[in-house]
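A short worksheet on the structure shown next.
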Amino acid sequence: GIQVEQSPPDLILQEGANSTLRCNFSDSVNNLQWFHQNPWGQLINLFYIPSGTKQNGRLSATTVATERYSLLYISSSQTTDSGVYFCAGGTANTGNQFYFGTGTSLTVIP
Amino acid sequence: DAGVIQSPRHEVTEMGQEVTLRCKPISGHNSLFWYRQTMMRGLELLIYFNNNVPIDDSGMPEDRFSAKMPNASFSTLKIQPSEPRDSAVYFCASSHTGLGYTFGSGTRLTVV
Chain A
16 GIQVEQSPPD LILQEGANST LRCNFSDSVN NLQWFHQNPW GQLINLFYIP SGTKQNGRLS
76 ATTVATERYS LLYISSSQTT DSGVYFCAGG TANTGNQFYF GTGTSLTVIP
Chain B
14 DAGVIQSPRH EVTEMGQEVT LRCKPISGHN SLFWYRQTMM RGLELLIYFN NNVPIDDSGM
74 PEDRFSAKMP NASFSTLKIQ PSEPRDSAVY FCASSHTGLG YTFGSGTRLT VV
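Following this line, the structure appears as structure tokens:
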């Protein structure tokens with residue numbers, strides 16, 4: 016498999032602040048996805064982004080596959096952004112199986 | 014698209030009882046994954062299927078756990094006999110080649 020390292024492990028923000036979450040991979044990935052686990056435990060797909068940049072509202076993500084990392088940007092954070100953010104990736108050798116990081120726990124304070 | 018459907022949402026059972034968790038993947042997806050999540054161990058892959066065939070079951074904790082996928086639209090994860098340390102949230106996810114995962118809502122299992 017591949018190793019997935021996420022940083023920071025924990026983050027506390029004031030509402031309205033911006034943040035960047037990072038995900039590093041031990042190998043080049045051709046599949047990469049970001050998830051948000053909300054306080055109710057649901058795992059929500061944010062972005063499927065094996066390369067390039069995508070944006071969805073206040074969230075955007077960039078993956079540089081050749082450098083083995085991905086970034087998730089959260090702008091103008093809201094309390095509803097609280098939860099745990101996971102990245103997961105896979106290589107050509109891992110088929111459809113993704114390997115997950117341990118997550119970044121985000122708390123947004125009003 | 015109803016997404017990945019898991020049942021039951023919550024299960025409370027006594028130690029020693031058999032537990033069966035169910036999952037209906039998204040139609041057309043060719044891979045199905047069973048994960049377990051606990052505070053101590055995070056997200057753990059238990060088993061995954063490709064085109065209904067088990068590909069990697071190295072994450073299945075022990076012989077008390079078994080999983081089946083009799084067809085493309087249904088999978089079960091069975092624990093027999095259940096133990097308190099099996100208490101966790103069990104997630105099912107499906108995907109298709111070139112697409113990402115979609116997770117179900119999970120089954121919260123409590124073994125007392």
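Going down the list, the sequences are from chains A and B.
Here the first sequence is numbered in our numbering, starting from 16 and rising by one per residue.
Here the second sequence is numbered in our numbering, starting from 14 and rising by one per residue.
Where a beta carbon is used, it is the ideal one built from N, C-alpha and C, also for glycine.
- Relative to the Cα of G16/B, the nearest Cα in the group G119/B, G55/B, H23/B and R54/B belongs to G119/B.
- Assigned with DSSP and collapsed to three states, R22/B falls in coil, not helix or strand.
- Under the DSSP assignment, V102/B falls in the beta strand (DSSP E) whose first and last residues are A101 to S108.
- Secondary structure of P83/B (DSSP, three-state): strand.
- Between the alpha carbons of I39/B and S86/B lies a gap of roughly 8 Å.
- Boundaries of the beta strand (DSSP E) around E57/B: G55 to N63.
- Of all residues in the region 31-54 of chain B, the ones placed with a Cβ closer than 7 Å to any Cβ belonging to chain A are S44, in chain order.
- A Cβ-Cβ distance of about 13 Å is found for the pair D76/B and I60/B, leaving them out of contact under the 8 Å criterion.
- Ranked by Cα distance from H23/B, the first of S107/B, Y103/B and G111/B is Y103/B.
- Interface residue (Cβ-Cβ distance to chain B less than 8 Å): L121/A is not classified as such.
- For V124/B, the enclosing beta strand (DSSP E) has its first and last residue at T120 to V124.
- Scanning its chain for C-beta atoms nearer than 8 Å, with the 5 sequence neighbours on each side dropped, one finds around T115/B the residues G16, V17, I39, H42, A106, S107 and S108, in chain order.
- Only exposed fits N64/B, as fewer than 16 other CB atoms lie within 10 angstroms of its CB.
- Between the alpha carbons of S41/A and E20/A lies a distance of about 8 Å.
- Per the DSSP secondary-structure output, S91/A pairs with nothing in a beta bridge.
- With respect to chain A, the C-beta atom of L56/B has a partner C-beta closer than 8 Å.
- Residue range N46 to Q52 is occupied by the beta strand (DSSP E) that includes Q48/A.
- Assignment of R49/B by DSSP, reduced to helix, strand and coil, places it in the strand class.
- S97/A is the residue among G104/A, S97/A, Q57/A and N111/A whose C-alpha sits nearest the C-alpha of S34/A.
- In the displayed model, P125/A falls within coil according to three-state DSSP, outside both helix and strand.
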